[in-house]
Structures are given as C-alpha cells and as structure tokens.
Amino acid sequence: MPKSRAGRGILLTSNLPQLQNLIKANPKGYREEFLTQYNHYTSLLRVYSLGQSSSTANDKNEDLFEELITFVCQVAQCYPDDTKDLPAQLRGLLLGEGGSGGVARGEIRRTVVKNLVMLRNKDVIDSIELLQILLPLLPHVPSSLRSVIRQTILTDIKTSNMKTKNHRLNRIVQGLLFGMVERGMDGQVIGDKGKGKSKEKGGEAMWAVMMVRELWKKGVWTDAKTVSIAALAAFHPNTKVQSAALHFFLGSENDEPESEDEDDGIRSARKDVRKMEHSMGVGKSGRKQEKQLRQLQKEASKKRRAKAAGLGATPNFPALELLHDPQTFGEKLYDNLHRHDKHYSLDHKILIMQLLSRVMGSHKLCVLGFYSYIIKYLTYHQLQVTLILVSLAQSVHELTPPDVLTPVVRKIAQEFVHPGVGAEVIAAGLNSIREVCRRQPWCMEEDLLGDLIEYRKSKDKGVVTASRGLLQLFREVNPGLLKRRERGKAATMGDVSGQAPAYGHAKEAQQGIEGLELLDEHFASLRKEANGGVSDDEADFDDDDGAGWSDWEREESDDESSGWESVSSEGSDIEISDSEDEDREKRKKAKSKKKVVAEDEDGDVEMKEDDDDDAKSVVSAAPTDVSMATKKLSLLAQQKILTPADFALLNELRLKAAKDLVENTSSSSAKRKLAALESSKRHVGEDEADRFLAESDILGPRKKVKADYEERMESIRKGREGREKFGSRKGEKKAVGASSTNAQKKRNKPIMMALHSNSVMQKKKQSLRDKQIKLRASIEKQKKMKH
C-alpha cells in the first residue's frame, strides 16, 4: 500500500491532466494533491513576478508555470475558497497590479487570457470582471492576441444583452470606454498633413471607438451614451481617433485604424488571388484556371472599392439624432476645423465638413461661420470640390438666414457658371445652386436667377438639365423672381401649390392624407368582389330576410331609453306606418338620401331634409361642422389604422393613377407629378428637400466617358464568355457526316482529269490581249493589298 500511494503521488505530480480529471470526479478525495500543486503555482508566481532566475531556468519555469496556470484554472470551481485570489493574481500578471513586479509576456500572457475566458465560461468570474481586465490590454498586445481579445469582448457583451439589456454591464463598460477616450484628450494636436506624422497610433482611444462602432453595428448598443463616446472622440487630438469617430457618424466603413487590422474579407480575397497565381505559375494552367483567377480578382477589387467608398455610404441617422446638445457639438466641430486648418489635410477637413453639414441639416442648426469658411474652397480647380459642394448644400435649411447664403450663391455662380469653364463644371455649379435654393429659396437674387436660367439654351445635355431644374424649382417655390414669360402656365394662372413660406414662417400643416380616396376605392372594390359583385350598401338593403336591419329596432329602443329625443322639422310631422314593408322601404329611401346636420341658435340639433316627402326627418348621432366631402376623405382614416403595407399600397395606387393621367391627357403638369412620385419612390422615407445628398446629385447626368484600356479589355473578355476561342480552324477535324468543299475536291482531283478541265482548256486558248488584261488586274490587286 505505501508503495502504491507513493507511485500514485509521483504519477499525479508529473501528469497534471490525469490529476485534473481525478479532481473533477472526486474533489474532496484529492484536495491535498491540489493544494500541493497550488502551492507550487504560487511559488512560481512569486518567482516570475520578482524575475529572480537565470535564463535557462526561466525557460523551464515558464513552461511549468503555464501548465500550472491551466491546471489551477481548470479545477478552480471545485475549490472556490482556496482559489478566491486566483482572478486577482491573473489580473496582476496581465496589468501589473497587486504589487507584482512584472507583467506577463509572450506565451504566458496568451495562456492567462485563455484561462480567464474559461473562468468566465464556468461562472467563476462575471463578465464585468473579465472585461475590466481585457479592455485595457487591447493597445498593448500583438495583433494575433488582440483579435482574440476583441472577439471575446464583443461576444461576451452581445451574449449578455441577447435576451434582455444588461444595463449594469453596459453602464460599466461604457464608463471604461469613455475613460479610455478621455485620458488622451489633453494631448497636443499634431495633425495628418505631411509625411511621417501619421504613424502615431491612437492608443486605447482608438480601440474604444472601434468597440463602440462594432457594438453599434451589431445592434447591441443603440443608446445616447454610446453616441456620446463617439462624440467625445470626434474632438480627440489624434487625427486617427478623430477620423474613426467621424466615420462612425457618417456611416462609413473606411475607418480601420491600422493596416494590420485590415478587413478580414479583403485580406482573404487577396490571399486567394496570390494562391491561384502561384498555382498557375508552378503547375498546369488552362482556361478553367484563368477563369477562376479572373473571378477572384473581380471579387477582390469589388471589396476594395466598397471599402474605399467611405464618404458615399449611408449616413448614420440614429446616431445623429441621439446627439446630446447638437448646437454645442456643431459649434465645437466648426471651431476645431477653423482652428486647426493648417494642421489637417484636405481629406480630413472634408470629413469634418461632411459631419458638420449633416448635423446642421438634421437638427436645423445655424453655425454662420461655416459659410464664410467654406467660401474659400468654392473654386472649380479645387480638389474634391464636389464633396465640398455637397457639404454646403446639406448644411442649408429653411431657418438659415438668406443674407448669409447670398454671397455663397454668388461665389458659386462666378466660379462655376461662366463660358470659360467646361460643361461639367457649369452643370455642377447650377446643380449646387439648385440644391441650396431648394432648401432656402430666398437666398437667390432676381438678376442672377435670370442669367442662370439662360443656360437652358446650351448644347450640352447636363447644362440644359441643370438649368431647367433650377427654372422649374422657382416656378414652384417663388415664381415672382422670374419674368412673366418664364413663369409657366401654372404659376401665371396662380395654380401653384407648395409656395415657399417667408423666412421664419413654418409650412402649413398638411390636412388629411393625399390620395386616400384611391385606397378607399381599392378596398371597396375588393369587398365587392368578395360579396359576389354586390356593393356593400346593396348587400345591406337587398337582403330578403332583413339581416342588415336585424338589430335596428333594438338599437332604436336603446336610444329611447337613454333619453335621446329627435327633433322634427317645422310644419311637418313624422309619419308612422303600421306596415313593416312600407316602414322598411321608407328607411331604405331615407338612408340613401343626403343628410345635412346643422345647429340652430339655441344649440338644438336640426335636420335639413330633402324634397322627398317619403323621408321627412332622419336622426343624427351627433352634431358636426365638417362638410360631407371632408368626412368622406377622412372616413377610412377614422375607421382603420393604416399600416406600412397600406401606405406602400397607397403609393402604388397614386403612381398608377398618375401614369393613367399622363396617358390620357399628356399635360406637362401630369408628367411633373409622375416624375415627382417616381422620385419619391426611389427615396422612400426621405423628404426630397431635406435628404442627404450624394456626388451624383451635384454632377448631374453626364455623357458616357470613354473607357480606358482595362475597361475595354474587361468588356472584350465578358463578350467572349460562352463562345469558342478565336483563331484559324486549320487542322481541325471536321465533324462526322459533314461534306467537303469544292476547293477541297479540286485539290484531290486526279491530274489527268484536271488537265482536261474547262478552266485549264480556257487558259490555253486565251489570246495575248486577254493575258495582258488579267496580268494588269492581278498587279493592281496586289498593290491595293499592300496599301
């Protein structure tokens, strides 16, 4: 027995996985063996913290130390009292806290991180304690371990908020991220202009912004505190951190902080392309391999273009709406842009302009200094001037003072709209002016407008379209600035709806829902089809057994018992018939007539009857001042709650009605209404005057640009797909059953038969003159072929 115990102890000491399994099966029986290994672990922890060992012994101790860390963490849930200090010890190893002299490096750090995640999965520690350890590690670990930590943090927060929001965890983690950003706010602004200065990393603030972006994108965090973290990072002195925060609000994907943390999809696509190129270089290559390589290259270029198109992405509307104190945020953005104008590159300044303009447009802000700042960039030779014009137009709204915008509009007209520039520049200037005036029509001057709309006689399609768009805009919003002959038929006749209100006045509230009667008629037709071709009224009155009036007497008795009295008209009495058939017929006639309800001077209800003597008076349920036409339009909205599907159906019915009107009348107003409906269909949920713009809105329709060499070759390759390879067919085997040509038969003809053929005999009989003519014709043909 003693020998077996000793042998078992030696075995368990050298085989930690076996001891781990035995402990999990019987924790009480192997507590002494666990304490032996735990004491060994604490001794190595103390030695590693002090760093008092030689290099050779250090390598051996590190390997044993890693094994002991894994062993203790695996069985920690079996001895919670003995291992209560384990999380604090591991935290000290990673962060250098708790009096430890050194911080874990290399494989020991990776082992500690993996075991901390395992302790969280076994509920030895909670999510808050794990995230408090892992979040500060992000800026200080290599990329391989950083990706593991980043994925662990995202997964843990997402899992904790899956069923219900874990507000305590979210509040603590958001506080940690807010502190990571705030600790670097006192640094010096270096800027990103010039070479060598952009190598500085953002540190922990960068990773805080990245975590906020990822959690917002996954829908885990969508509250105002998350937005406040990104809003604080938008003013960080490090331009990389600031750029990442700006991209968060702009809804862009082009906000990766480092090349080593490039998007996984792009990296894998490049790897596949290189692998295919290598295999084709060292092995067999054919049409199939070439086709696969072209497909991989196409996918990789598509992903790169999607990543590079940062400014054209969909803006982050919810984040902009959740900004706390947007006026202060906008003013700080402008102050940051104006103060560090010489430190920032043009790309970074355009990012700030984009965000500032979107905040001003969505929250109706007035940052007047922005217009005097942007006016110096309004030249046609300025780089990325289309994005600057987009930012200008997006910042304008109906509360922007017109006298601030008038110099800007005049500057655009002077720089972009004159005969000394190209047609594309003129079209861009006219479109920019149109978008500014669409949001604030009172910034336009009458003389300038007259000059701009003269470009509708240009020969370029883009210029004509832009000028006509400007003319049509002022025909709708302010035709008084146009000459009488340019106002159009609708404006001249005074039949223009949607006149722009004076500055400072709000638009009138919309009454009812436009086109609701079309939806009512559609539902009525569906009910008629369900009733077998009988309308609702006919189905009620033409029922022989009186199903439509089955409860009429009971309802009348209930009304009488409730104290309700009907008032008869002057000089007439209500006729009462004993016959049930006559009574039903009178009720039918009375219901089919038009009733008008009015109030007399005493406030009593009075019914105005028609001339029909069969329907003297009709009882009204309540007095009202609404006309029957208005009641008819709003009846469907009163009886039914319209769903998004109903509104989508309403838009389709309006579009169909507009198309029918254009086909029947072909009037210009009908065509404009159809164009407006089609445009609103493309921009569902956006107001045409207030939606954010893209570069295409400023550039307008353009001619097809001549394709470069790569585009032409791509078009050629696309046209060759599914076709046989080009080239000579000489040497190809002919298909089975195909006949030979006359030329082939002539070559295979026996020589004796060829000598006596008609063509040979005619050559022998030719005269000298005929031979000269044929020789001259042959010489001329050869000369033409050479030229």
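When the count follows the working numbering, it moves up by one through the sequence shown with no breaks and lands on 799 for the last residue.
Ideal Cβ positions, reconstructed from N, Cα and C, are used throughout, including at glycine.
Extent of the continuous alpha helix (DSSP H) run through residue i
i, result
"Gln-366", "358-375"
"Ser-61", "43-62"
"Cys-90", "Per DSSP, Cys-90 belongs to no alpha helix (DSSP H) and is neither H nor E."
"Glu-343", "338-351"
"Ser-384", "381-386"
"Pro-29", "28-37"
"Arg-724", "721-732"
"Arg-480", "473-489"
"Arg-121", "118-133"
"Phe-247", "Segment: none, Phe-247 is in no alpha helix (DSSP H) and carries neither H nor E."
"Ile-180", "Checking the sequence, you will find Arg at residue 180 rather than Ile. First-last of the alpha helix (DSSP H) with Arg-180: 179-194."
"Thr-234", "Note, Thr-234: premise wrong, no alpha helix (DSSP H); not H, not E."
"Trp-228", "216-229"
"Gly-462", "458-464"
"Met-773", "770-776"
Exposure of residue i, with buried meaning 16 or more beta-carbon neighbours within 10 Å
i, result
"Lys-361", "buried"
"Asp-168", "buried"
"Glu-488", "buried"
"Pro-249", "buried"
"Val-294", "exposed"
"Pro-92", "exposed"
"Arg-370", "buried"
"Glu-723", "exposed"
"Ser-139", "buried"
"Pro-453", "buried"
Inter-residue Cα distance where the pair is residue i and residue j
i, j, result
"Ala-321", "Met-222", "Residue placement at Ala-321 cannot be trusted, given a pLDDT of 46 that sits under 50; the coordinates are not used to answer."
"Ser-403", "Gln-366", "5 Å"
"Val-136", "Thr-95", "10 Å"
"Lys-10", "Val-772", "Any answer about residue 10 is impossible in this case: the structure gives the chain only from 13 up to 799."
"Ala-701", "Leu-107", "Confidence is the limiting factor: at Ala-701 the pLDDT is only 40, short of 50, which leaves the residue's position unreliable and the question unanswerable from this model."
"Gly-432", "Ser-297", "55 Å"
"Ala-670", "Glu-529", "14 Å"
"Lys-683", "Gly-481", "14 Å"
"Ile-278", "His-259", "19 Å"
"Arg-729", "Lys-716", "20 Å"
"Thr-418", "Gln-650", "46 Å"
"Met-765", "Lys-783", "24 Å"
"Ala-284", "Ser-155", "Per the sequence presented here, residue 284 reads as Asp, with Ala not at that position. So the two alpha carbons sit approximately 21 Å from each other."
"Ile-424", "Pro-414", "15 Å"
"Ile-184", "Lys-314", "40 Å"
"Arg-450", "His-409", "9 Å"
"Lys-876", "Leu-56", "Missing from the structure shown is residue 876; the chain here goes from 13 to 799 and no further."
"Ala-536", "Asn-543", "10 Å"
"Asn-133", "Ser-255", "36 Å"
"Arg-468", "Gln-484", "11 Å"
"Ala-220", "Gly-187", "11 Å"
"Arg-286", "Arg-299", "18 Å"
"Ile-438", "Lys-795", "52 Å"
"Leu-767", "Gln-778", "16 Å"
"Leu-538", "Ser-680", "33 Å"
"Leu-128", "Ile-145", "9 Å"
"Gly-251", "Asp-347", "The residue asked about is misnamed: residue 251 is Thr in this sequence, not Gly. About 15 Å."
"His-350", "Ile-364", "10 Å"
Residue j beta carbon less than 8 Å from that of residue i
i, j, result
"Ser-357", "Phe-382", "no"
"Ala-245", "Leu-335", "no"
"Lys-170", "Val-232", "yes"
"Lys-344", "Phe-247", "yes"
"Val-84", "Tyr-53", "yes"
"Glu-302", "Ala-281", "no"
"Lys-376", "Leu-332", "no"
"Arg-499", "Pro-491", "yes"
"Val-253", "Thr-238", "no"
"Glu-447", "Leu-705", "yes"
"Leu-464", "Leu-493", "no"
"Ile-120", "Glu-74", "yes"
"Ala-440", "Leu-401", "yes"
"Gln-89", "Gln-32", "no"
"Glu-216", "Leu-150", "yes"
Residue i CB to nearest heavy atom of the ligand ATP below 7 Å
i, result
"Thr-340", "Although the ligand ATP was asked about, the structure shown includes no ligands whatsoever."
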